[in-house]
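Remarks on the structure that follows.
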Amino acid sequence: MNKHLSIRIAWHDNKWNGSICKHPAQNTYCKHLPRILAEKNDVLEEQNAGKAWNEIQGTFLPPCKAEGGAFMNTSGYKRLFIHPYSHNSGKDIPHAALKPTTIDVPPFSSFAVPFKWMLKNNQKELRNLYPDIPFDENSPFPSSWLYTSKAQNAVLHTFFDPIKENQSLAVYYVKGANPVDEDLRRLIAGIGIIKKKSPVIEYDSKENYTYPLWDRLITHGINPSEPHSEGVLIPYQEYLDLPDDYVYRNGDIHKTKYELLDEIKLTLQDTGSRQEIIEEFAYGSAWVNDSTMLIVLAKLKAVVERIREHGIVRGHWTENLIWIDRQIGKVKESMGPFPSFANALLAFGFQYGNLLEQDLRREHNLGSKDNPWEMWEDLVYGTTTIYGKPYSKEFAHFKDIWLNETQDRLNLLQLLSRFELSSDQIKNWFDSNLRNKLDAKVSDKELLENPYLIAELDPGDQEHYPIAVETIDNGLFEDAAIQGDNIPEKPQLVESPLDKRRIRALIISILKAATLDGDTLLSVSEITESLNLLNLQRSTVVPTNYITSNLNFMKSRLAYFNTSDSDALQLLVYEQIETYLRKVLIARGTKQLETENEEWNELVKKVIEKNGIIFNPDNNKHVAALEDQVTALQQLTSRKLSVLHGPAGTGKTTVLGALFGSKELKKEGILLLAPTGKARVKLEKMANASAFTIAQFLAKQKRFDFDRMKPKFNGPEKYKGEQNLIIDECSMLTEDDLYALFQALDMSHIKRIILVGDPYQLPPIGAGRPFADLCNYIESLTPEDEDGAVIHALARLKEVVRTVEGENSDCLTLASWYSGLKPGKNADLIFSKLGDNKSMNDLMVENWQDEKELYQKINQTLVKVLNLDDEYDEINLNKSIGVSDKGIDTSKIELFQILTPVKAPFWGTFNLNQIIQNQFRKDLNGAAKIGDYKIGQFDKVIQTKNEWKEGYPGNQQHQLSNGLLGVVTNTYKGHANVAFAGMEENVTFGYKSQGQTETDEANIELAYTITVHKSQGSDFEYVFLIIPKTGRVISRELIYTALTRAKRKLVLLVEGDNPHWIINLSKPQHSETSKRNTHLFKPSIREAKSHIPFVEGLIHKTKKEGLLVRSKSEVIISNELEYREVPFEYEKEFIGKNGQKRIPDFTFVDPAGDIIILEHLGMLSVPSYKADWEKKKQFYLDSGFKMNENLFITTESEKGGIDSKEIERVIDEIQKLL
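Quick note, the sequence shown lines up with residues 1 to 1218 if you use the UniProt record's numbering.
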């Protein structure tokens, strides 16, 4: 049977056109492939940037020559191959005879290597399938690969023989890192017919023997300049070259550059699509089956239709669509109606299912379109006999079993064989007991009436992806080209893509995918938009009112909400979760407890003294902070549920320390939990007591599903241990986490639940934002509201206690702009300081334009901040991570940290870790190859997975948490030993490579640079934060989280001529948390993916089109100004007479062109806020302003009340001047 071929390629910034990249040093995406990482020479490539490979002198070609870097070459070139063992010597090593061999590579060609087939560990499995493959010999040196030329030739022929010229298709894919979408595991770049396949190429040899090249030369038919191109190249680069502010307009439709890229990216991870097919795009080159190729071609067709519709890139798109349709027809010719017949027999208990099907097709004329179940029944009933086979005598035993099944059961088994499923998946759905374990409580009859229930309910596991809608589609739609006469019968038959069973299953898939992005429900309009953009074989476009017209059917599996602004659908499980959490959080937050008899003042003072600070009763800031924290402690202990939150620097750690010191709480018992391993370690250290991650706690209660790595909502007995529960870093909690935890607790036994965190940090990875929702809901209430009593459950710290030499921290002042709260009244002074490092205390800012300048600025600031002698000072760098002649001081591992938003670009973690390692670690000869990295002695590393691991000495199991930072103590023969921060100093943990990078799940990686997400829950003395100019990956919360990681010094490395553009990232439009749809307290539902939902407390929306402000009071002022049609600007930069910059709340211009300013003062009762206002007011006065002439203020009461009449009066005064 013919096969198709996947071919891995490296990302190239000039369309793989047979030239060096245009900007080689900036293309770090290709370095994620080990062969390129090992050989790439940025200096040499920059010298030859843009040159065609056939013009480069000598033997130099970039390392992407081995990774399809020129598969679209329009001119031929020569490639030199040198056998990797040819430098080995010895009488038992014959490879020294192999000479360097030059291959002429014709246009539109590249090489394919089936690495998986060449691995020794896979030979047993291959020989079971292909007995003609000979046994290999052991190599005289350590190797994972086939050794003898005989075995290599046999395997290569077996793999490449089914690849047929002018029949098979080649699919060129990028693995992982790419600039289109960093989160994609695979990105398809192009698909074309295989025009020519070279024979096995052999090395030139000095002797009478040789070895084969594993690389097979493949020439394809993709040629975008030709109208009759036999293939398609997707124009990613043309879209990437669009300006970042590009907006596509087509009538009322407006789309950004990145929205357009999302529409044309061809990925294997689309919602509703079969995820298993990714296995056919791995290990360099692999076989692609017809069914997979059909899926990929359908996706390609949808992508090309969109490219043609956009009209941005010229091309022969109509002709391309005709070619795609022709290929779809060819692929269908060899497909059949029951692709899982053999697996269904295995699931039924007949262990020879695969062998039987092979024999039936090979020896008994069972055609691809025939029904194998008819022949099975003939064999079972004895009307047909097969002799001389291992299974020949089995049929008689299966006759009674077959006859004993009901017709519904037999129909279900045959139905399941129409879908591409494993035997285990079929067994799960055929066996009702296993089906119930999946929590899929449906009958055989229900499945026969609606097979899409399988896609709605199948959860997947460690071995299998959830069964996709597309899998069910392929078995149920009538398609004579595949099924012949064996089309499905009603009710299974799907006669229209608009079948409501199918559309509901797709909606459920969309809603499940949305939870991974944080949404717990979606508006009907966004669901419709998502349906219309799915890349599936059959259309998913639905009429505008389709969902509401079929609402009754939808509501049997989905919850429906209708608000004045929108209607929305939600998975039933999240309706259940949010309803429960809403009730419990409000009820417990309202329920008052007797006040604990504690001397909170003294406990707070003890904590701060322990931290090296002596309380000064004459210091107004100390007094205000003490009062703030004591009030918080009283609130936290007087409710059955309470919340402690506040921006960075307000003393949450101090309050927790006082709680841990409470005799009453300790007597009742305190259960300490955190969402992540790193947060657990920090909490444990803070409390000097055991703490657990929520997953660990749930696992102890048998309420964690390790197959799917998610919490269970049901379990045995509920926990009734400690009476007080404290959860830290609650901003990282998903709704699933909180619900599963509450379900696991005996809530009648739990006296207090105290939720601690900062709601302005990055939201959780998963569904919802429960902590932010709870904080904002409470803050939106008034005492008169129905839930008004819960106001007292919130303890929000306002007084920033962290100072630098008695002054406000510049780092925290800048962070306050990204907190979601209105900053202090003089906080805008920070934007005047940003350009002057001498004027700042704990903040330094540097700018960069390109990769060279970024590396230079990193080096300069590392030298300056860490007191290095120069940028190659390995000794002092080692000291800064705890390494000295005396050993490793693990307490210093977290002294400094470089942070960046993501992993893949040149400013990402992967490249910067390599740069720093190469700069400071000159000797990596003994380094261990682990995962994507070479890791050497004294390298800084990070644990990337929660696991129990044996430590040495002692051989005891230790709990290692995702995010733990460590240092490599030594390496030996591919092993690395690591000591971790926060662990016992003398204990180390061993790591080694797990094999090939496709499967290497090594749990450490280099960590000189880590992502901001990885840093959440940690803090460091010195932080170096890289802020690139890219709106796709940066949010307000990401900046805030990063800015609040530094304890002593923060260095900002900002792209551009000056750093002032980063103020734009503080605006509500850039809030990631706010963009989530939830319904925990109040509905927050956006109408479209690109919109921001409105929910009070998270987003402050005004009546002025497009204007979002930072507080409720500013909404009132803005709306009044808009109602009166008074022209104004919000937060417009103002430069005073002394050259300093400020950002007034509201700015007006009078007829003479002079400026009038209105400032709203929201927290004058807070001493530090009042002091800040006095400073800012003086700035205005010094700049020539006069109160109540061209400088006006509005204020709030101590409880946050605003006087509307006073606002109207002030606006009257301003309006008179205009």
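Glycine included, every Cβ here is placed at the ideal spot set by N, Cα and C.
Source: prediction; values computed, not measured.
Point to revise | the region 757-767 / the region 699-709 touching (three or more Cβ pairs under 8 Å) | key: no
Practice item. May I have the straight-line CA-CA distance separating arginine 306 from histidine 316, to the nearest angstrom? Key: 13 Å
**Study point:** Straight-line gap, aspartate 870 to glutamine 47 (C-alpha atoms, nearest Å)
**Key:** 27 Å
Practice item. Kindly indicate the opening and closing residues of the alpha helix (DSSP H) around glycine 657. Key: 652-660
**Study point:** Neighbourhood of isoleucine 875 by C-beta distance below 7 Å, restricted to the same chain and skipping five residues each side
**Key:** none
**Study point:** Range of the contiguous beta strand (DSSP E) that encloses glutamate 1055
**Key:** 1046-1055
Practice item. Keeping to the same chain, check which residues put their C-beta closer than 7 Å to that of tryptophan 145; ignore five residues upstream and five downstream. Key: Met118, Leu119 and Lys120
Check your understanding: So what's phenylalanine 159 in DSSP terms, helix, strand or just coil?
Key -> When secondary structure is reduced to three states using DSSP, phenylalanine 159 falls in the helix class.
Check your understanding: Which same chain residues, not among the five before or five after histidine 157, have their C-beta less than 8 Å away from its C-beta?
Key -> A distance below 8 Å between beta-carbons, with the five flanking residues on each side excluded, links histidine 157 to the following residues of its chain, in chain order: Val200.
**Study point:** Top-ranked residue by Cα proximity to alanine 342, from Leu416, Arg308, Tyr387 and Ser443
**Key:** Leu416
Check your understanding: If we ignore side chains and look at the alpha-carbon of each, how far apart do glycine 336 and leucine 297 end up?
Key -> 18 Å
Review point. What number of angstroms, rounded off, separates the C-alpha of aspartate 241 from the C-alpha of histidine 12?
Key: 13 Å
Practice item. Could you name each continuous alpha helix (DSSP H) segment of 4 residues or more that falls completely within the region 514-546, going from the start of the chain to the end? Key: 524-533
Check your understanding: Between which two residues does the alpha helix (DSSP H) harbouring tyrosine 1169 extend?
Key -> Membership of tyrosine 1169 in the alpha helix (DSSP H) is indicated by the continuous run 1167-1182.
Point to revise | Selected residue, minimal CA-CA separation from glutamate 1206, among Glu1120, Lys1176 and Phe1146 | key: Glu1120
Check your understanding: Taking the continuous alpha helix (DSSP H) assigned at serine 1015, which residues delimit it?
Key -> Unbroken alpha helix (DSSP H) run through serine 1015: 1012-1015.
Review point. Is the Cβ-Cβ distance between arginine 1032 and tyrosine 258 less than 7 Å?
Key: yes
Practice item. Going by CA-CA distance only, name the one from Glu846, Thr971 and Val1149 that's closest to residue 1259. Key: No information on residue 1259 is available, as it lies outside the stretch 1 to 1218 that the chain covers here.
Review point. What is the DSSP secondary structure of tryptophan 16, counted as helix, strand or coil?
Key: coil
Review point. So which of Asn808, Leu912, Ile778 and Ser816 has the shortest CA-CA distance to phenylalanine 857?
Key: It is worth fixing the name first, because residue 857 is lysine in this sequence and not phenylalanine. If we check each option's Cα against that of lysine 857, Leu912 comes out closest.
Exercise for review: Would you kindly report the start and end of the unbroken beta strand (DSSP E) that includes asparagine 977?
Suggested key: 975-980
Check your understanding: Roughly how many whole angstroms lie between the Cα atoms of serine 819 and leucine 1065?
Key -> 11 Å
Review point. Since glutamate 165 and lysine 197 are thought to touch, with beta carbons under 8 Å apart, how far apart are those beta carbons, to the nearest angstrom?
Key: 6 Å
Check your understanding: Under three-state DSSP, which class holds leucine 1038?
Key -> helix
**Study point:** lysine 720 versus arginine 752: straight-line alpha-carbon distance, rounded
**Key:** 13 Å
Exercise for review: State the DSSP-derived secondary structure class of leucine 866, mapped to helix, strand or coil.
Suggested key: helix
Exercise for review: Taking asparagine 223 as the reference, give the member of Trp376, Thr74, Lys667 and Val584 with the closest Cα.
Suggested key: Thr74
Check your understanding: Considering alanine 480, what are the terminal residues of the alpha helix (DSSP H) in which it resides?
Key -> For alanine 480, the enclosing alpha helix (DSSP H) has its first and last residue at 480-483.
Point to revise | Contacting residues, own chain, Cβ-Cβ under 6 Å from glutamate 137 (five flanking each side not counted) | key: Once the five neighbours on either side are set aside, the close Cβ partners of glutamate 137 are Tyr147 and Thr148.
Exercise for review: Pick out whichever of Leu506, Asn1058, Tyr173 and Ser642 has its Cα sitting closest to the Cα of serine 530.
Suggested key: Leu506
Check your understanding: Can you round the beta-carbon distance between arginine 8 and tyrosine 173 to whole angstroms, since I take them to be within the 8 Å contact cut?
Key -> 6 Å
Review point. Are three or more beta carbon pairs between the region 562-579 and the region 508-524 nearer than 8 Å?
Key: yes
Point to revise | Start and end residues, alpha helix (DSSP H) containing serine 1118 | key: 1112-1123
Exercise for review: With distances taken Cα to Cα, identify the nearest neighbour of glycine 926 among Thr1009, Tyr972 and Lys1067.
Suggested key: For the set Thr1009, Tyr972 and Lys1067, the Cα lying nearest the Cα of glycine 926 is the one of Tyr972.
Practice item. Specify the secondary structure class of methionine 375 as computed by DSSP and reduced to three states. Key: helix
Exercise for review: Check each candidate in Thr944, Arg921, Leu360 and Lys945 and name the one with the smallest Cα separation from lysine 934.
Suggested key: Arg921
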